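See structure below.
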Amino acid sequence: MIESLIALLVLSIALLGVASLQLFTQKEEIDARWRSIAVAMSGTLIEQLRIDPVAVEKLAINGNALSGCDATNQWLCNLIGDWQSQAEEQLPNVVTQLQIEGQTDDLMMATVSIVWQRVASDSPVTACRPQDGTLIDGGGCIRVETAL
153 MIESLIALLV
163 LSIALLGVAS
173 LQLFTQKEEI
183 DARWRSIAVA
193 MSGTLIEQLR
203 IDPVAVEKLA
213 INGNALSGCD
223 ATNQWLCNLI
233 GDWQSQAEEQ
243 LPNVVTQLQI
253 EGQTDDLMMA
263 TVSIVWQRVA
273 SDSPVTACRP
283 QDGTLIDGGG
293 CIRVETAL
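The sequence shown begins at 153 in my numbering and counts up one residue at a time.
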């Protein structure tokens, strides 16, 4: 009788271990999916910016707020607004940043940052530093720098 109880206890512990491993794997799969979505989204934005580098010069996104739009680049602002809507649909509690830096050798440097968090917080993370990418609680970030 006692042997059966011990066997049942060992089996229960093993099944709990398997369930825990499965939950951990699901969480990692979701994080990997969000990371791949963020990479694809940043590539999409960069390609939109490369359409017309002159229209990009005054643009910026700071904490999801797009600025620098005028009559000459309104069409690009509309594209970026659509891009931001897609990012908000596909990533939880997303914060996007775009910074355009001055010309060097006829090139402009664009920095795109995308930060997401599983659960909304009172003080959301808005900056994405390379060393923070995996340290954001329940989320992550990517930062892409490229020449336009």
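Ideal Cβ placement from N, Cα and C applies to all residues, glycine included. Note that this is a predicted model, so its numbers are computed, not measured.
Bridge-paired residues (DSSP) for residue i
i: I252; result: A262
i: N214; result: A217
i: V247; result: V267
i: G291; result: Q269
i: A299; result: M261
Classification of residue i by the beta-carbon crowding that lies within 10 angstroms, buried from 16 upward
i: M153; result: exposed
i: V206; result: exposed
i: R202; result: exposed
i: T248; result: buried
i: Q236; result: buried
CA nearest to the CA of residue i, picked from the options
i: E253; options: E209, I198 and L168; result: E209
i: E180; options: L300, G292, T298 and V191; result: G292
i: L250; options: C280, Q226 and V162; result: C280
i: V271; options: M260, M261 and G290; result: G290
i: D204; options: I182, Q178, Q174 and T224; result: T224
i: G215; options: I198, S265 and M260; result: S265
Cβ shell of residue i (< 7 Å), same chain only, five flanking positions each side left out
i: E240; result: V246
i: S219; result: A212
Residues near residue i in its chain [Cβ-Cβ closer than 6 Å; skip 5 each side]
i: M193; result: A239
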